[in-house]
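Colleague: Following the working numbering, the numbering of the sequence shown begins with 21 at its first residue and continues without gaps.
Think of the CB as a built atom: it goes at the ideal place given N, C-alpha and C, for glycine as much as any other residue.
Handing you a structure now.
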Amino acid sequence: MENGGVFGGCSTHRLDDVGRFVLPKRFRLSLGESFVITRGINCLLVLTNDAFYKISDKALELAGPVEALFNQSVSSIYHHLFAEMVEARVDGQGRIQLTPELRAHAGIDRDLVMIGVGNWVEIWSVERWEDYKKKSLTPENLVDAAQVVFGKKDAGESDGEVPSSGSSE
Numbered sequence: 021m022e023n024g025g026v027f028g029g030c031s032t033h034r035l036d037d038v039g040r041f042v043l044p045k046r047f048r049l050s051l052g053e054s055f056v057i058t059r060g061i062n063c064l065l066v067l068t069n070d071a072f073y074k075i076s077d078k079a080l081e082l083a084g085p086v087e088a089l090f091n092q093s094v095s096s097i098y099h100h101l102f103a104e105m106v107e108a109r110v111d112g113q114g115r116i117q118l119t120p121e122l123r124a125h126a127g128i129d130r131d132l133v134m135i136g137v138g139n140w141v142e143i144w145s146v147e148r149w150e151d152y153k154k155k156s157l158t159p160e161n162l163v164d165a166a167q168v169v170f171g172k173k174d175a176g177e178s179d180g181e182v183p184s185s186g187s188s189e
């Protein structure tokens with residue numbers, strides 16, 4: 021990503037009749053002339069070309085070429101990332117187009133939400149994003165995730181406790 025920045029913010033958009041929408045300028049500037057759109061978990065991932073190829077190179081390095089070719093569990097991640105991946109470009113009016121396959125994967129019919137998530141952008145259907153927020157962005161889940169991210173516990177481990185804020189309001 022240019023200038024060491026991060027992707028942030030959330031915005032809603034509506035697809036036109038051929039599956040295009042205007043990409044926010046703040047994302048356009050950091051993504052560059054072309055970038056990758058691929059399948060995520062219940063959403064689409066938008067990454068700079070550099071970030072995408074670093075991820076794919078790292079996955080191949082960690083798994084090894086034989087595992088990637090012949091281990092079904094390992095190869096499934098490659099299928100997920102690459103099978104419907106597109107290298108996208110912004111048109112003269114600042115729009116990008118989502119393929120029917122990518123729209124179907126993310127459950128996007130007409131309205132979508134774009135979310136900056138640090139080093140990448142996610143594209144969600146409005147319905148799936150709202151459902152995800154209700155189910156996953158709970159205080160308990162956020163505390164557990166923060167402890168995993170900052171090294172206090174392993175992924176999947178949960179104590180179910182939410183620490184108090186320490187204030188006595």
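By DSSP, does Val66 sit in helix, in strand, or in coil?
Modeller: Here Val66 carries a strand assignment [DSSP, helix/strand/coil].
Colleague: Helix, strand or coil: how does DSSP classify Ile97 here?
Modeller: helix
Colleague: Counting only the same chain and skipping the five closest in sequence on each side, list residues whose C-beta sits under 6 Å from that of Leu35.
Modeller: Phe41 and Arg130
Colleague: What number of angstroms, rounded off, separates the C-alpha of Glu53 from the C-alpha of Arg109?
Modeller: If you draw a straight line from the Cα of Glu53 to the Cα of Arg109, it is about 6 Å long.
Colleague: Answer yes or no: do Leu67 and Val56 have a C-beta to C-beta separation smaller than 9 Å?
Modeller: yes
Colleague: May I have the straight-line CA-CA distance separating Gly60 from Leu49, to the nearest angstrom?
Modeller: 22 Å
Colleague: For Leu115, name the three-state secondary structure that DSSP assigns.
Modeller: The sequence shown places Arg at residue 115, rather than the Leu named in the question. DSSP places Arg115 in strand when its eight states are reduced to three.
Colleague: Quick check: the Cα distance between Glu147 and Ile128, rounded to an integer number of angstroms?
Modeller: 9 Å
Colleague: Tell me where the alpha helix (DSSP H) around Glu160 begins and ends.
Modeller: Pro159 to Val169
Colleague: Check each candidate in Leu64, Leu51 and Asp37 and name the one with the smallest Cα separation from Glu121.
Modeller: Leu64
Colleague: If you draw a straight line from the C-alpha of Val106 to the C-alpha of Gln92, how long is it?
Modeller: Taking the CA atoms as reference points, Val106 sits about 23 Å from Gln92.
Colleague: Quick check on DSSP: helix, strand or coil for Val146?
Modeller: helix
Colleague: Roughly how many angstroms lie between the CA atoms of Lys172 and Val38, to the nearest whole one?
Modeller: 47 Å
Colleague: Which term fits Ala165, buried or exposed, when burial requires 16 or more other beta carbons within 10 angstroms of its beta carbon?
Modeller: exposed
Colleague: Between Ala126, Asn69 and Leu101, which lies nearest to Leu80 when the distance is taken from Cα to Cα?
Modeller: Leu101
Colleague: Please classify Val141 as buried or exposed, where buried requires at least 16 neighbouring CB atoms within 10 angstroms.
Modeller: buried
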